[in-house]
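The structure appears below as structure tokens.
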Amino acid sequence: MIPLIQLDDPHLAQMLADYMRSQNLPCQIQSTETGVSLWLLDENKLSAAEREVQRFIREPYHPRYSEASWQQEKPATWQSATDSGLMAELLLQSRPLMLSITLVMLGVFLLYWLAIPVETWLAFEWPWQRGQIWRLFTPVFLHFSVLHLLFNLAWWWYLGGRTEQRYGVFKLAVLLISGALIPNVLQAMVSDTLFGGMSGVTYALVGYLWLRERNFTDKSQITVSNGLFIFMLCWLILGFTHLLGFNTANLAHLGGLLVGLSQGWWDDQHSASRT
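Take the sequence shown: its letters are residues 19 to 293, numbered as in the working numbering.
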């Protein structure tokens, strides 16, 4: 075996190993005191392996690596059934955390539709009022109409699924929690505490994905295009003008966008320093 690269992120190392396997360059991951190392099993393929490692160093978050990792995890029957079309895209984005939150949102809305007062358990309250800290987060599960629910589910499935697929469950969890807590607190400062929805999280994901993927050379792999990002910015600005004719959680939207952009900038800098 020949050592190829040392990484401090086991998730990245696993994605690279899965990609190398897909290129017929099988590798072994070994733990070290400072992280993990990748070792090439076939010394005769060293030249090709080194080229792939250099390409990985230049763009470690390119979707080719997460997609290869995902393909390694899928059963063969699933792969053959999802080779093309909309169903393939939907199934490829069916990741555990994204699906779990989707089911929670559907369950909460069902209880609300059945006139069970879930808002009394989940609505925002300042934590010192009753010591119920979860209320800083749980308004994201509240939806007050079918249209409101479907709109948020569509964004969550698309953006949340793509984030978990490409950047991992931990990154989606960070964006979910911070994209809920900070926007909820900001919104509660300027309005009553009976509000709900995933809009803050949606804007966090929009900001994060746009910043992380804006320099992808393969434009077909970009989740949030410049056009979509500009549209979301215009929607945010329109909300502050009150021209839409209905109430929007404007500070939640703004807070979520800032959360996503900040996290995207931080990850970009961290990635650059590592390479």
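In this text, a Cβ means the ideal position worked out from N, Cα and C, and glycines have one as well.
- Between Gly282 and Gly225, the gap from beta carbon to beta carbon is short of 9 Å.
- Within 10 angstroms of the beta-carbon of Pro135 lie fewer than 16 other beta-carbons, which makes it exposed.
- Residue burial is scored here from C-beta neighbours: Pro21 has fewer than 16 other C-beta atoms within 10 angstroms and is therefore classed as exposed.
- In the three-state DSSP reduction, Leu58 falls in the strand class (E or B).
- Here the stretch 111 to 130 makes no contact with the stretch 63 to 83; the two share fewer than three CB pairs at distances below 8 Å.
- Comparing alpha carbon positions, the residue from His29, Thr50, Ile23 closest to Arg69 is Ile23.
- Proximity of the stretch 203 to 215 to the stretch 245 to 261 falls short of the contact definition, fewer than three beta-carbon pairs being nearer than 8 Å.
- In terms of CA proximity to Leu43, Trp57 leads the group Trp57, Gly53, Leu212, Ser49.
- In the three-state reduction of the DSSP assignment, Gln32 falls in the helix class, which pools H, G and I.
- Counting the other Cβ atoms within 10 Å of the Cβ of Ser163 gives fewer than 16, which makes it exposed.
- Runs of alpha helix (DSSP H) with 4 or more residues, each lying fully within the stretch 181 to 235, are found at 187 to 208, 217 to 231, listed in chain order.
- Between Phe155 and Gly53, the alpha-carbon positions lie close to 33 Å from each other.
- Of the residues Ser84, Cys45, Gln48, the one whose Cα lies closest to the Cα of Gly186 is Ser84.
- Judged by DSSP in its simplified three-state form, Leu117 adopts helix.
- When the Cα atoms are used, Trp144 and Gln183 turn out to be separated by approximately 34 Å.
- Taking a C-beta distance under 9 Å as the contact criterion, Val277 and Ile200 qualify as a contact pair.
- In this structure, DSSP gives Ser49 an extended state, which the three-state scheme calls strand.
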